[in-house]
Amino acid sequence: MKKIAIINGPNLNLLGTREPEIYGYTTLKDIENECLQFGKDNGVEIIFNQSNLEGEIVNLIQHASQNTDAIIINAAAYTHTSVAIYDALKASPIPFVEIHISNPHAREEFRHFSYISKIADGIIAGFGKDSYIIALQALAQKIASS
Ligand code: DQA
């Protein structure tokens, strides 16, 4: 069975109460459950994690790159700041998709730059919580044929 790691960055543990006008009222647990259900329905193992710590996210990427077939990452604020996360993804041999709940390009200027976009296999942003499922559909299809 193919495995996909979903890695979530800082403050995403606050989904549901954090700026709901931007991120909606769905909690990270709800999103995890939807992703796990997608995995059951489509015969893919989903490993779902969140961390507020940059180094821990690097560890999760390194582990996923050795033990899974693809990564979906919402690096949250570290998208715009982290060379360490860029380096970890660049060192990883497996495909990854960058996702965002909001559309960072429609927001403050500092969110327009992403360290990881240039090395991503794909980018999904602006579809709310559905960004996760859209990325899963795309990646599951990509790795099924590889
Ligand atoms: C985010 C967008 C980032 O700019 C922000 O720092 C986040 C969440 C999103 O999912 O829309 O924390 O990655």
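According to my numbering, the stretch in the sequence shown is residues 9 to 154, in order.
Where is the CB? At the ideal position from N, CA and C, for every residue including glycine.
None of the values given here were measured: they were computed from a predicted structure.
Identify every residue that forms a DSSP beta bridge with residue i.
i: Q58; result: N16
i: A133; result: H108
i: K10; result: V52
i: I102; result: In the DSSP output, where bridge partners are listed per residue, I102 has none listed.
i: N82; result: N16
Under 8 Å, do residue i and residue j count as touching if we go by C-beta distance?
i: D77; j: I12; result: yes
i: Y140; j: E42; result: yes
i: L20; j: N67; result: no
i: E62; j: I93; result: yes
i: I55; j: L97; result: no
i: A84; j: P112; result: no
Mapping DSSP to helix, strand and coil, what is residue i?
i: N75; result: helix
i: E53; result: strand
i: H88; result: helix
i: S139; result: helix
i: R26; result: coil
i: S125; result: helix
Using a C-beta cutoff of 8 Å, does residue i count as contacting chain E?
i: Q45; result: Annotation note: the requested chain E is absent from the structure, which comprises a single protein chain.
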